[in-house]
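Novice: Be aware that the sequence shown starts at -18, since it is given in the working numbering, and climbs by one per residue.
Idealized CB from N, CA, C, for every residue including glycine.
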Amino acid sequence: MRQARQIELLKRVAASGDQLRGLQIGRSATNSASAYTDPTRFEQEITTLFKPGPLFFGLSADLPEPGSYRAMRIDDLPLVVVRQHDGSLSAFINACRHRGAPLVDPNSSGRDLKAFHCPYHAWTYSLTGELRARPFAAGAFDDVTQSCHLIQRPVAERYGLIFVRPEGDSPIDVDEVLAGAEDDLASFGIENYALIESRTHEWDFNWKLFFDTFSESYHIRTLHSKTLAPTFNSDCVIFDAFGRNLLSVGLRANVHDEFEKPESEWSLIPYGTIQYFLVPNGLVVHQLDHIETWIVEPLSVNRTRTTTAVYAPSEPQTEKAREYFVKNLDLLLHVTGAEDFALMADIQKNLASGALPEVIYGANEPPLVHFHEQINQALRAD
Ligand code: FES
Ligand SMILES: [Fe+2]
């Protein structure tokens, strides 16, 4: 993150007063409890937000070289993204044009793919999607007139971030998707990072509770009293809106130490968990010496799959160096799994009971006010 930007954000903290009151927004908001539990609304979220995208698909490091691929199901839609020999990316529907078999495992990734070989009858496609061969079928398809090219979807890559459009053909403009966050995101040099490890889990709660639990720090003091609270501030985050996206910076409790230095030497990096929420499905987090990403896949109104990955600034040179980053991932998944996500599942049950008319987002939880207003607005516009 550019130093001038770090200083600008820290100035807001320095001026915020007791309990970081100055970081709050001017108002609270409410949302109907059914926003988390109504299956009809859930379907609308999928058709309005997820299917048209663009959706966050990971970092460039997930597809480091020609032949690297990653397959993911987005709602019902099977997608595979592959790195071409010229370094560009292509996205295809992961289904053979013959009779629809998946070309690679629906939730898999790998390297060194030379061609797509269908596991059913061995039709073969180049990485660019052209049908190359229909082995052992002399004459059988000579009268086929329709295109057998793999079906393509828009994909775009910039600043080390990858986005796909599951439905529709319009090209993706990454700057438009980031809506102003591109200055920040470009400054991290994300395109140079190396993937350490990625893990996938499923949870019994609505996808929006993922954003709720990650974007505010007000819960740290109580929910994370033994794990995070001794080190982290629990009053408020630094918040910026970028279109429907948002920045939420969680602060370490000792951030005020920085203000004893001359302003020109201030640095946010040692004190900030710098989180970019790429609505509706992505989270990119910069932590001191690594990056974490989350991809959120709504499976049903009360079930959500998350894929969490950790990246290092460069490929670790020793096993010990790699272990350090793996331990970060272990710790992250342990705390969120045992504390945040366990509680989100209980919250989902309570909301589903119908006994609660609404939930409240405080002025000290600015990301929640923004996120839910944006989602509700998009649904209304639809
Ligand atoms: S379904 Fe792919 S070759 Fe038959
Ligand atoms: Fe938390």
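1. With respect to 8 Å, is the separation between the Cβ of Ile201 and the closest non-hydrogen atom of ligand 2 below this value?
2. Assuming contact is defined by CB atoms lying nearer than 9 Å, are Ile74 and Arg134 in contact in what I supplied?
3. Tell me, which residues are paired with Thr274 by DSSP?
4. On a CA-only basis, which of His66, Asp238, Leu269, Leu159 is nearest Gly224? Give me that one, please.
5. Could you check whether Ile55 and Phe31 sit closer than 9 Å to each other, using their CB atoms as the reference points?
6. Considering only their Cβ atoms, is the gap separating Thr194 from Thr317 smaller than 9 Å?
7. List the residues that DSSP assigns as beta-bridge partners of Met53.
8. Check Ile171 in the structure and name its three-state DSSP category.
9. Please report how far the alpha carbon of Ala234 lies from the alpha carbon of Tyr174, in whole angstroms.
10. Output yes or no for whether 9 Å exceeds the beta carbon distance between Ile(-12) and Leu269.
11. Checking the sheet assignment: what are the DSSP bridge partners for Ala10?
12. Grab me the residues of Gly81's own chain with a C-beta within less than 7 Å of its C-beta, minus the 5 sequence neighbours each way, in chain order.
13. Quick check for students: name the residue ranges of the alpha helix (DSSP H) that lie wholly in the region 130 to 188, counting only runs of 4 or more.
14. When the Cα of Ala359 is compared with those of Leu313, Pro33, Leu1, which residue comes out closest?
15. Could you pull out every residue in the same chain whose Cβ sits closer than 8 Å to the Cβ of Gly68, ignoring the five residues on either side in sequence?
16. Do Phe352 and Thr287 have their C-beta atoms within less than 9 Å of each other?
Specialist: Checking against the coordinates, here is how it stands:
1. yes
2. yes
3. In DSSP, Thr274 forms a bridge with Val265, Ala290.
4. Closest in alpha carbon position to Gly224, among His66, Asp238, Leu269, Leu159, is Leu159.
5. yes
6. yes
7. Note: Met53 sits in a beta bridge opposite Leu60.
8. helix
9. 28 Å
10. no
11. Tyr342
12. none
13. 155 to 159, 163 to 168
14. Pro33
15. Cβ neighbours of Gly68 beyond the five flanking positions: Pro47.
16. no
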